[in-house]
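Engineer: Residue numbers (our numbering), protein chains in the order written: chain A, 1 to 269; chain B, 1001 to 1267.
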């Protein structure tokens, strides 16, 4: 169960897969994303509510052919330049997009986790999103007649998250802002989790979620594996890096040089 | 205390400062606010410091009743979770707390706004045959504007932002007029104020079209009209904004100073 990150990715991520790396600002699995880049996977459908810097890096390095998302910016800083370059100029390749609101994405994962074909929400009406996004439809409530939005379930081939710790049997514990990770894990065929550390036993923590080993495919110990995102109790968000990424990512050459130095050849950041 | 006793002079503050101060005042009397990151977050935290110490701030990262001492750079900074009454999942925050009708005010910003306070944060046209400028997209905004009892919008005023026609409707304000929210199945109030660095716009009670109801001290009506991409009407109860008080300004500046120090400390 507890394996190296290299092995976890090699065994569970395949070209053409639907892959979700989740973590809402907190606990973003950066190190795992970097390993996918190093293993040169192609044609992935990347799913994530907030693509963030990790998908900017993965898109810029050409691993993705499609992005399923709801908010694609660098939080508090501005644009994700590699994401924009892919959508606006097809660089480094064409990137199809399937675009929703946060509420829509959350509902899609919840349906996936529940093994339902679709989810409903009161949303999207009057917005132009349904004109561009094929995965939004209207349904009528059979009980009240109310018109509601329907969105299809997301069931990733593999979901990858970062968590605080695991025990030696591979049960995983996470706490703090947990976003949509539980739903993304439960919706997936395979699950990889990177953790800060392994401990003998998982002492209770307020608000913590435990994911039992038997629903997971692989656990890898990667201290600092969320950086420049953070792991509550272990690290703080590296806001200075998020600001610096704006300059690094603006230019294609500077971006490629940085990725070569820090991800392809260097240690994970 | 009257405002005039402690009022400051136009030379004492910036256009961004008065925008935030006026936006914070708009939250006086509110109990719960679902807060967007950036300008809304700044105003909501100023409101908690000066006007409504018990204002419950909710961020879409699932943090409820959060009391940050510094402004978060992102919607999910650790400070928000560490100081929250409760932290819930993202599906829960949108389904139970927002769609479930637990939020008084939704506080948003925008890339483009039209006369019916509809918002675009998705794409902006560069002209025919050219690729559109890609913006971040919807995030939580469509459902915040749909399900909060009322919505406030804070955005800097320019012709690029206040456009005659949106390139894309991401988030519905009043659609194309007074009947649309009902038609879309929305029973909440929709946008109540648009607060800018020049003044304040409010929807006309009959037509729902945004009208100018206030300019900030030192700003002329013509300046606002020049910065708006449609023939903006001036409302009947038009007035000049009260200048920031010493307390409002010093609270805002302390918030900024603490934030700057904290974010530099992260390196």
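Virtual Cβ for every residue (Gly too), placed ideally from N, Cα, C. None of the values given here were measured: they were computed from a predicted structure.
What does residue 1127 of chain B reach in chain A if we use C-beta pairs closer than 8 Å?
Structural biologist: Within 8 Å Cβ-Cβ: nothing; residue 1127 of chain B doesn't reach chain A, min ~14 Å.
Engineer: Would you identify the three-state DSSP class for residue 98 of chain A, choosing helix, strand or coil?
Structural biologist: strand
Engineer: Give the DSSP bridge partners of residue 174 of chain A, in chain order.
Structural biologist: For residue 174 of chain A, which the question treats as bridged, DSSP gives the partners A:209.
Engineer: So that I know if they touch, is there some Cβ in chain A lying closer than 9 Å to that of residue 1105 of chain B?
Structural biologist: Closer than 9 Å to the CB of residue 1105 of chain B there is not a single CB belonging to chain A.
Engineer: Just the chain B side, please: which residues come within less than 8 Å of residue 60 of chain A by C-beta, in chain order?
Structural biologist: Result: empty, since nearest Cβ-Cβ is about 14 Å, beyond 8 Å.
Engineer: Report the option in B:1156, B:1198, B:1210 whose CA atom is closest to the CA atom of residue 1176 of chain B.
Structural biologist: Of the listed residues, the one whose Cα sits closest to residue 1176 of chain B is B:1210.
Engineer: Name the DSSP bridge partner or partners of residue 1211 of chain B?
Structural biologist: B:1202, B:1233
Engineer: What is the DSSP secondary structure of residue 1134 of chain B, reduced to helix, strand or coil?
Structural biologist: strand
Engineer: Using 9 Å as the limit for Cβ to Cβ distance, is residue 1058 of chain B near chain A?
Structural biologist: no
Engineer: Taking the continuous alpha helix (DSSP H) assigned at residue 1059 of chain B, which residues delimit it?
Structural biologist: Note, residue 1059 of chain B: premise wrong, no alpha helix (DSSP H); beta strand (DSSP E) at 1056–1059.
Engineer: Roughly how many angstroms lie between the CA atoms of residue 1147 of chain B and residue 1186 of chain B, to the nearest whole one?
Structural biologist: 8 Å
Engineer: Please list the residues of the segment 166–181 of chain A that have a C-beta atom closer than 9 Å to any C-beta atom in chain B, keeping them in chain order.
Structural biologist: 175, 176, 177, 178, 179, 180, 181
Engineer: Within 9 Å (strictly less), CB to CB, does residue 1061 of chain B reach chain A?
Structural biologist: With a threshold of 9 Å between beta carbons, residue 1061 of chain B makes contact with chain A.
Engineer: Which bits of chain A does residue 1169 of chain B rub up against, with CB to CB less than 8 Å?
Structural biologist: Going along chain A in sequence order, the residues near residue 1169 of chain B (Cβ under 8 Å) are 126, 127, 128.
Engineer: Flag residue 1204 of chain B as yes if its beta-carbon sits less than 9 Å from any beta-carbon of chain A, otherwise no.
Structural biologist: no
Engineer: So, at 8 Å on beta carbons, what are the nonlocal neighbours of residue 1255 of chain B in its own chain, with the 5 sequence-adjacent residues on each side left out?
Structural biologist: So the list reads 1042, 1045, 1046, 1049, 1070, 1071, once near-sequence residues are dropped.
Engineer: Give me the Cα-Cα distance between residue 1268 of chain B and residue 36 of chain A, rounded to the nearest whole angstrom.
Structural biologist: Past the edges of chain B, shown from 1001 to 1267, lies residue 1268 of chain B, and the structure says nothing about it.
Engineer: Counting only C-beta atoms, is residue 146 of chain A closer than 9 Å to chain B at any point?
Structural biologist: yes
Engineer: Tell me which residue opens and which closes the beta strand (DSSP E) that residue 1219 of chain B is part of.
Structural biologist: Looking at the DSSP string, residue 1219 of chain B is not in any beta strand (DSSP E), and its letter there is neither H nor E.
Engineer: Just reading off the alpha helix (DSSP H) that residue 1106 of chain B is part of, what are its end residues?
Structural biologist: Premise fails: residue 1106 of chain B lies in the beta strand (DSSP E), 1105–1108, not in any alpha helix (DSSP H).
Engineer: Can you list, in chain order, the residues of its chain with a C-beta nearer than 6 Å to that of residue 139 of chain A? Leave out the 5 residues immediately preceding and following it.
Structural biologist: Correct list, in chain order: 148, 150.
Engineer: Which ranges does the beta strand (DSSP E) cover as unbroken runs of at least 3 residues, wholly within the segment 64–95 of chain A, from first to last along the chain?
Structural biologist: 64–69
Engineer: According to DSSP, is residue 115 of chain A part of a helix, a strand, or is it coil?
Structural biologist: coil
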